[in-house]
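FYI, full-length UniProt numbering numbers position 402 of the sequence shown as 402, with every residue one higher than the one before it. Input: a single structure, listed below in structure tokens.
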Amino acid sequence: MGTSMNVVVLSLFVSSLLFSVVTASDDGLVRIGLKKKKFDPNNRLASRLESEDRQALIASMQEKYGLHNNLGDHEDTDIVALKNYMDAQYYGEIGVGTPPQKFTVIFDTGSSNLWVPSSKCYFSVACYFHSKYKASESKTYKKNGRPASIQYGTGAISGFFSYDNVQVGNLVVEDQEFIETTKEPGLIFLAAKFDGILGLGFKEISVGKAVPVWYNMLKQGLIKEPVFSFWLNRNVGEEVGGEIVFGGVDPDHYKGKHTYVPVTQKGYWQFDMGDVLIGDKPTGFCAGGCAAIADSGTSLLAGPTTVVTMINHAIGATGVVSQECKAVVRQYGQTIIDLLLAETQPQKICSQIGLCTFDGAHGVSTGIESVVEEGNGRSSGVQGNAMCPACEMAVVWMQNQLKQNQTQDIILNYVNQLCDRMSSPMGESAVECGSLSSMPTVSFTIGDKVFDLSPEEYILKVGEGPQAQCISGFTALDVPPPRGPLWILGDVFMGRYHTVFDFGKERVGFAEAA
Numbered sequence: 001m002g003t004s005m006n007v008v009v010l011s012l013f014v015s016s017l018l019f020s021v022v023t024a025s026d027d028g029l030v031r032i033g034l035k036k037k038k039f040d041p042n043n044r045l046a047s048r049l050e051s052e053d054r055q056a057l058i059a060s061m062q063e064k065y066g067l068h069n070n071l072g073d074h075e076d077t078d079i080v081a082l083k084n085y086m087d088a089q090y091y092g093e094i095g096v097g098t099p100p101q102k103f104t105v106i107f108d109t110g111s112s113n114l115w116v117p118s119s120k121c122y123f124s125v126a127c128y129f130h131s132k133y134k135a136s137e138s139k140t141y142k143k144n145g146r147p148a149s150i151q152y153g154t155g156a157i158s159g160f161f162s163y164d165n166v167q168v169g170n171l172v173v174e175d176q177e178f179i180e181t182t183k184e185p186g187l188i189f190l191a192a193k194f195d196g197i198l199g200l201g202f203k204e205i206s207v208g209k210a211v212p213v214w215y216n217m218l219k220q221g222l223i224k225e226p227v228f229s230f231w232l233n234r235n236v237g238e239e240v241g242g243e244i245v246f247g248g249v250d251p252d253h254y255k256g257k258h259t260y261v262p263v264t265q266k267g268y269w270q271f272d273m274g275d276v277l278i279g280d281k282p283t284g285f286c287a288g289g290c291a292a293i294a295d296s297g298t299s300l301l302a303g304p305t306t307v308v309t310m311i312n313h314a315i316g317a318t319g320v321v322s323q324e325c326k327a328v329v330r331q332y333g334q335t336i337i338d339l340l341l342a343e344t345q346p347q348k349i350c351s352q353i354g355l356c357t358f359d360g361a362h363g364v365s366t367g368i369e370s371v372v373e374e375g376n377g378r379s380s381g382v383q384g385n386a387m388c389p390a391c392e393m394a395v396v397w398m399q400n401q402l403k404q405n406q407t408q409d410i411i412l413n414y415v416n417q418l419c420d421r422m423s424s425p426m427g428e429s430a431v432e433c434g435s436l437s438s439m440p441t442v443s444f445t446i447g448d449k450v451f452d453l454s455p456e457e458y459i460l461k462v463g464e465g466p467q468a469q470c471i472s473g474f475t476a477l478d479v480p481p482p483r484g485p486l487w488i489l490g491d492v493f494m495g496r497y498h499t500v501f502d503f504g505k506e507r508v509g510f511a512e513a514a
């Protein structure tokens, strides 16, 4: 079973596992059919984090995608962000050991390690709500013992490395190095529906330089081609949540042809993308290019605050008021417009005003005091770092409106409205469920093709009827150059577009999902 050449298909599902059935088909694919329970909106609170944990989650995403991550330079530690737990999470089942011990895992293209809870996890409450690996019950277990730690915003998952066989579908990967976790702090793991994570990123970001499961599948000759692909079923009314295909692509999962783009930086599945459009109108922020990552382990779409705020304004999402943003508009709005009309280079405007210093490519905070006191509008105090990015966002917004030949009064009013639409500290922005029909299409330029998302695809709806809540699928994540600006295209995008991860040719492909 462990040496045959097969294309393996793992079915994934949203929210809850009931049971799995392995079936064979005439095309040579092996499918694991999974079923799910309907999402219970009354349990939403159980799967949400407290405010401080969610803020830490956003911080850990920033670390994961380039603010503090050195791509595995540290032997035992790397940054991995956990995900959103509404109705958009996908899970599959694997086995570890002989006989196989079953675990539900997220197949995560944004990380590279396999980890599951250990039977030696005694002091973390989360471990008592999930399956635990028992080395003593496996005939193929081999001791390693090397310590491992994966850093999250709320603390570190820690444990140690071990070796054992890992069953994925009907294939068995022998002597796979994985992490037995003995510490899982915070509500994030207690509330999670999954037991562990199976990373499908490149080895460059593997904690402790452990060889990823995917690499061993190839090395041990278990699959046909060095390709895997995701089909995520976004129809919550259907039993099957989707399929991940190892070793090939199922033609029934997509329509038309894939648009392929090369991987630009190995580690994550990272590639270059072009501008983002709102209702067919370019935002201009990524006209010169942005980086993007296809991440199956992230539910939402994360991107630069500048563009996400424009999107949330267009769809009527409400967040919290940014005092720094409004202060920039009030004190420097007219000056910014004048400099733009004078054809000053946009990236130099905030340094000319004195809010940033220019490093040759973009503005850098000067540390000017800029916290605005309520009531009197005076700058005072402590934090000076917010005025520089607020200024740079205002420049992009104003430049966008000038291209549309808007008057100065309309521009200043528009930018003030955008300040009100900035995402909340918890990373969520709410919208009216009854307004979906009036919301614009949001589009991403990848390769030579524009990929559209409709409101029904980028809005997450929780519950039904008058109790339903709707959340914007866009959240802000700012990664500075040279790693950024960066977009994380998670399940919201991958649900609309079948995604191929071509390891052999180092490219990512997208086609309309069937």
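For each residue, glycine too, the CB sits at the ideal point set by N, CA and C.
Sequence-distant Cβ neighbours of residue 416 in its own chain, meaning closer than 7 Å and more than five residues away, are 326 and 329. Rounded to whole angstroms, the Cβ separation of residue 315 and residue 439 is 5 Å, and the two are in contact under 8 Å. Taking residue 411 as the centre and dropping the five residues before and after it, the same chain places the C-beta of 398 and 401 closer than 6 Å to its C-beta, in chain order. With respect to the 7 Å criterion, residue 300 and residue 494 are not classified as neighbours on the basis of their beta carbons. Cα atoms of residue 207 and residue 180: separation of roughly 13 Å, rounded to the nearest angstrom. Residue burial annotation: residue 91 is buried, with at least 16 other C-beta atoms found within 10 angstroms of its C-beta.
Looking at the backbone, the Cα of residue 433 and that of residue 474 are separated by about 16 Å. The secondary-structure analysis by DSSP pairs residue 116 across a beta bridge with 180. Annotation for residue 495: the continuous alpha helix (DSSP H) segment containing it runs 491–496. For residue 217, no beta strand (DSSP E) segment is defined; the enclosing uninterrupted segment is the alpha helix (DSSP H) at 213–219. A Cβ-Cβ distance of about 7 Å is found for the pair residue 203 and residue 211, placing them in contact under the 8 Å criterion.
Straight-line spacing of the CA atoms in residue 500 and residue 97 works out to 29 Å. Beta-bridge analysis with DSSP links residue 460 to 471. C-alpha of residue 117 to C-alpha of residue 178: approximately 11 Å in a straight line.
Boundaries around residue 227 are those of the beta strand (DSSP E), 227–232, since no alpha helix (DSSP H) includes it. Nearest to residue 477 by alpha-carbon distance, out of 307, 353 and 247, is 307. CA-CA distance, residue 514 to residue 446, rounds to 20 Å.
Counting every other CB atom within 10 Å of its CB across the protein chains shown gives residue 287 a total below 16, marking it as exposed. In the DSSP annotation of this structure, the continuous segment of the beta strand (DSSP E) that includes residue 93 starts and ends at 90–96. In this structure, the beta-carbon distance from residue 103 to residue 149 does not fall below 7 Å. About 7 Å separates the beta carbons of residue 504 and residue 227, which is inside the 8 Å limit, making them a contact pair. Residue 106 and residue 246 have their C-alpha atoms roughly 15 Å apart. Here residue 275 is buried, its C-beta having at least 16 other C-beta atoms within 10 Å. Comparing alpha carbon positions, the residue from 510, 486, 101 and 110 closest to residue 297 is 110. Where residue 290 is concerned, there is no enclosing alpha helix (DSSP H), although the beta strand (DSSP E) around it starts and stops at 290–294.
For the 7 Å CB-CB criterion, residue 337 and residue 404 do not form a contact. Counted as a single uninterrupted DSSP element, the stretch harbouring residue 277 is not any alpha helix (DSSP H) but the beta strand (DSSP E) occupying residues 276–278. Take residue 456, set aside five residues on each side of it, and the residues of its chain with a beta-carbon closer than 7 Å to its own are 436, in chain order. Here the alpha carbon of residue 470 sits roughly 6 Å from the alpha carbon of residue 462. Residue pairing of residue 159 in beta bridges, as defined by DSSP: 148 and 181. Just so you know, the alpha carbons of residue 243 and residue 194 end up roughly 17 Å apart. Ranked by Cα distance from residue 309, the options 268, 396, 480 and 255 are led by 396. Assigned with DSSP and collapsed to three states, residue 246 falls in strand. The beta carbons of residue 128 and residue 135 sit no closer together than 7 Å. 7 Å or more divides the Cβ of residue 198 from the Cβ of residue 277.
Residues of the same chain with a CB within less than 8 Å of the CB of residue 506, apart from the 5 flanking positions on each side, are 262, 263 and 266 in chain order.
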